[in-house]
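Take a look at the structure:
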């Protein structure tokens, strides 16, 4: 992968954001991300195929047929094969997987992947209806007003019951603190300007079930975001065509995908079993274990999801994810830095873009382009892992990357 | 009669006005809530929105619809449970739309007073005209066989006087909402010696169900809120007159407004607040309070001079500020009116000189909005006011003088049996006027 680019993750928290003032539209984000990738790879002429990853613009923006926006990015993309993919919040990951498979199938040498979502077009209370489409539609009626926070609140309640509430809540607060502190180092992050002093205390605010959900407060949740991310997936041949040196690229060495039945409740509410499987597949394909990883981008749509993801990825045993986080292992100075630009909670969660944003962050880290958020990449650990989750542990894409 | 039975038939007088429309919405929301309770499924709830013109009433329905949507959006968690049995309502949006329809279905916009002759409860929210209020309430009382209860929104007229003039025999109580009622948390509640206890019980439950708070006040003209506010204006005018010895009138008005807004960290300066309320409304309140204030003269020449020039302030129906003591552009003060010269003077022409005279804001100053959101508000205010006290700059010293007066007015309200206690005065200033601190504080 080469030539990553992230737009700003726009929404509450950014000083440019005002809900009543005009903002960039879907096509503006697509164009910004697409143009910036193209400018790094020698232009649209070098592109064989394009993939656009978008969850649900048909409802947020009354817009479908998004693949036809590629020629809008650059007229030289006119008549090239383009496709749009969707898998709820794992849409971006599916976009990457689609591009990777085109390269592996040798139908393309250069694939432009753009992930995008513009969600601030409706109030959050109506956005909850739209996002509920990531679950089974027959569950909507009995679901919570805030459908997905409700799902993960139920998981948090079960986790508290099994492993204890106090320590888990502290770990959730620590996760939030790490996310914001990392986001403060990344100018495109939604929480870049967050200047709250006592983050951990804020994150320990008691949930208010009358206004929100039983076991989560708003700081436990990723925000509503608009944004796009783009990256190019290339073969060795494609790399040469774009005139880019290997040191400026990262290699995809493992891909794990897994799917769970949308109509079924999780087997065990305190475990992310599909995540577990997808990560195992990706690591197995890469032929490495956790010790080789320098950084991880995980799908922290909710702080409780992060704790469970840490366990599902195998960094901690079931019930010990909180300890792992509280011991500082996931912080940027820790054993294995997670979400170095803030993740979904700190950087933002423009759903269709998230999986691509994870890849861009890893590309930046492994090629030393991460600016203020750069972490040390030890020579002995040149690998990174991303995990992108759609719905309640339903659609999973995990990728292992290696510094070239 | 039980609370919910009383609520079955209610009229709001002056329903299309700014206060009336808010009271109408809140009452409609409470009646809708009652309607959904299983024990009330056989009850019919009717709310008459009575006003003088059909035109105003048509705008009213749009306002209520918008408020109902907002309310439902905010309370969606509870409403999903309320509508759980409705298989056709799945998304939040379906539920919100249905709630707005259900709430609106209770309301009957009417222009004929006869509609109120069947009501059990009358909320009165017409203009602050004592004779009009008496005439309306007495007519309804004479023609309504239900011996209705009257809840008046007056912010100034003694309730016992209205009771006596309208012949209500204790079936009246003051229930003063703050503007805008749908948003403001605070109500002032006023009983007279004759107010029947059952009215108090009803009001307590009604306010609790609206999730609002109330402060009791003695039945003294102006009550706590205007008792404080009118004296605040009179003190500001006195300060203007003192500053006029060395500055022009418009400069003096500008400076006192700046002292009250910036140096005292209030949401708006005293004269901007007068414009917000309406200069004519302020004059009316003073005229109501004046006969009851024996030891002081509740009269403002500054206010009178504006009214004489037909400069009234107040707000347009869409909430924009009309020009008054100040001229506004996009909500910002741009000029000050001089009643003698009968024209506005641009602030930009004289503000530098005034700002220089007042001096810089002391260290630790924060905007009213910022300080209210600060988790260490008390500590920071303490430090700021300590710096204000130590400053030798004229602005700081005038602000200190104002703070001392602030406390004195509060003390007088308690001493003269307008307020029951200091905490009640503080509560009105904190929750009704949204000050960052009450007049009785540890800062001076």
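Chains as they are written, first to last, in my numbering: chain A, -3 to 400; chain B, 49 to 492. For glycine and all other residues, C-beta sits at the position ideal for the given N, C-alpha and C. These numbers were taken from a predicted model, which means no experiment stands behind them.
Within-9 angstroms CB hit, residue 420 of chain B to chain A: So, not an interface residue.
Below 9 angstroms between beta carbons is the criterion; list the residues of the stretch 129 to 161 of chain B that meet it against any residue of chain A, in chain order. Contact residues of the stretch 129 to 161 of chain B toward chain A are 132, 135, 137, 138, 139, 140, 141, 142, 143 and 144 (C-beta to C-beta distance below 9 angstroms).
If residue 88 of chain B sits next to residue 82 of chain B, beta carbons under 8 angstroms apart, how far is it from one beta carbon to the other, in whole angstroms? Residue 88 of chain B to residue 82 of chain B, Cβ: 5 angstroms. Contact.
For a quick check, are the C-beta atoms of residue 238 of chain A and residue -1 of chain A less than 9 angstroms apart? In this structure, residue 238 of chain A sits near residue -1 of chain A, with a CB-CB distance shorter than 9 angstroms.
Three-state secondary structure assigned by DSSP to residue 59 of chain A: Coil at residue 59 of chain A, not helix or strand.
May I ask which residues mark the beginning and end of the beta strand (DSSP E) holding residue 364 of chain B? According to the DSSP assignment, residue 364 of chain B belongs to no beta strand (DSSP E), since it is labelled neither H nor E.
Can you tell me which of the three DSSP states residue 332 of chain B falls into? For residue 332 of chain B, the three-state secondary structure derived from DSSP is helix.
Residue 337 of chain A beta carbon less than 9 angstroms from that of residue 184 of chain A: Yes, the Cβ-Cβ distance between residue 184 of chain A and residue 337 of chain A is below 9 angstroms.
Nearest candidate by alpha-carbon position, reference residue 268 of chain B, set B/481, B/52, B/460 and B/75: When each option's Cα is compared against that of residue 268 of chain B, the closest is B/460.
Taking 9 angstroms as the CB-CB limit, is residue 116 of chain B close to chain A? Judged by the 9 angstroms Cβ criterion, residue 116 of chain B is not in contact with chain A.
Under 9 angstroms, Cβ to Cβ, is there at least one residue of chain A near residue 127 of chain B? Contacts with chain A at 9 angstroms (Cβ-Cβ) include residue 127 of chain B.
Given a limit of 7 angstroms on CB to CB distance, which residues of the stretch 94 to 122 of chain A reach chain B? Here the close residues are 119, 121 and 122.
On the CB-based measure, 16 or more other CB atoms within 10 Å of its CB, does residue 57 of chain B come out buried or exposed? Classification of residue 57 of chain B: buried, given that the 10 Å Cβ count is 16 or more.
Quick one: is residue 125 of chain A near chain B, going by C-beta distance under 9 angstroms? By this cut-off, residue 125 of chain A is an interface position.
Going along chain A, which residues have a C-beta under 7 angstroms from residue 124 of chain B? Per Cβ cutoff of 7 angstroms: 121 and 141.
Would you please verify whether the beta carbon of residue 121 of chain B is less than 9 angstroms from any beta carbon of chain A? Taking Cβ atoms only, chain A reaches closer than 9 angstroms to residue 121 of chain B, which makes this a yes.
Alpha carbon to alpha carbon, how far is residue 59 of chain A from residue 52 of chain A? Their backbone Cα atoms lie some 9 angstroms apart in a straight line.
Residue 292 of chain A: first and last residue of the uninterrupted beta strand (DSSP E) it sits in: Here the beta strand (DSSP E) through residue 292 of chain A covers 289 to 293.
Per-residue burial, residue 157 of chain B [other beta carbons within 10 Å of its own, 16 or more giving buried]: Flag for residue 157 of chain B reads buried.
Decide if residue 128 of chain B is buried, meaning its Cβ has at least 16 other Cβ atoms within 10 Å, or exposed. With 16 or more other Cβ atoms within 10 Å, it is buried.
Under 9 angstroms between the Cβ atoms of residue 155 of chain B and residue 72 of chain B? Yes, Cβ-Cβ distance for residue 155 of chain B and residue 72 of chain B is below 9 angstroms.
From residue 384 of chain A to residue 89 of chain A, what does the alpha carbon distance come to, in whole angstroms? Residue 89 of chain A has its alpha-carbon roughly 6 angstroms from the corresponding atom of residue 384 of chain A.
Give me the DSSP bridge partner(s) of residue 182 of chain A. Its beta-bridge partners do not exist; DSSP assigns none.
Taking the alpha carbon of residue 370 of chain B as the reference point, which residue from B/427, B/139 and B/321 has its own alpha carbon closest? Relative to the Cα of residue 370 of chain B, the nearest Cα in the group B/427, B/139 and B/321 belongs to B/321.
At least three beta-carbon pairs within less than 8 angstroms, the stretch 102 to 112 of chain A to the stretch 230 to 247 of chain A: Verdict: yes, contact present.
Are the CB atoms of residue 54 of chain B and residue 168 of chain B nearer to each other than 9 angstroms? Residue 168 of chain B sits close to residue 54 of chain B, with the two beta carbons spaced by under 9 angstroms.
Measuring straight from C-alpha to C-alpha, what distance separates residue 480 of chain B and residue 260 of chain B? The alpha-carbon of residue 480 of chain B is positioned some 11 angstroms away from that of residue 260 of chain B.
Beta carbon of residue 140 of chain A nearer than 9 angstroms to that of residue 209 of chain A: In contact: residue 140 of chain A and residue 209 of chain A (Cβ atoms closer than 9 angstroms).
Taking the continuous alpha helix (DSSP H) assigned at residue 238 of chain A, which residues delimit it? In the DSSP assignment, residue 238 of chain A falls within the alpha helix (DSSP H) that extends over 232 to 238.
Flag residue 203 of chain B as yes if its beta-carbon sits less than 9 angstroms from any beta-carbon of chain A, otherwise no. Closer than 9 angstroms: no.
If you compare alpha carbons, which of A/1, A/138, A/95 and A/30 is closest to residue 71 of chain A? Of A/1, A/138, A/95 and A/30, the residue nearest in Cα terms is A/30.
Grab me the residues of residue 243 of chain B's own chain with a C-beta within less than 6 angstroms of its C-beta, minus the 5 sequence neighbours each way, in chain order. Excluding residues up to 5 positions away in sequence, 218 and 221 lie with their Cβ nearer than 6 angstroms to the Cβ of residue 243 of chain B in the same chain.
Can you tell me the Cα-Cα spacing of residue 238 of chain B and residue 323 of chain A, whole angstroms? Those two C-alpha atoms are separated by around 58 angstroms.
I need the straight-line Cα distance from residue 339 of chain A to residue 175 of chain A, nearest angstrom please. If you draw a straight line from the Cα of residue 339 of chain A to the Cα of residue 175 of chain A, it comes to about 6 angstroms.
Extent of the continuous alpha helix (DSSP H) to which residue 398 of chain A belongs: First-last for residue 398 of chain A: 391 to 399, but that is the beta strand (DSSP E), not the alpha helix (DSSP H).
Quick check on the DSSP output: the beta strand (DSSP E) that includes residue 96 of chain B runs from which residue to which? Unbroken beta strand (DSSP E) run through residue 96 of chain B: 94 to 98.
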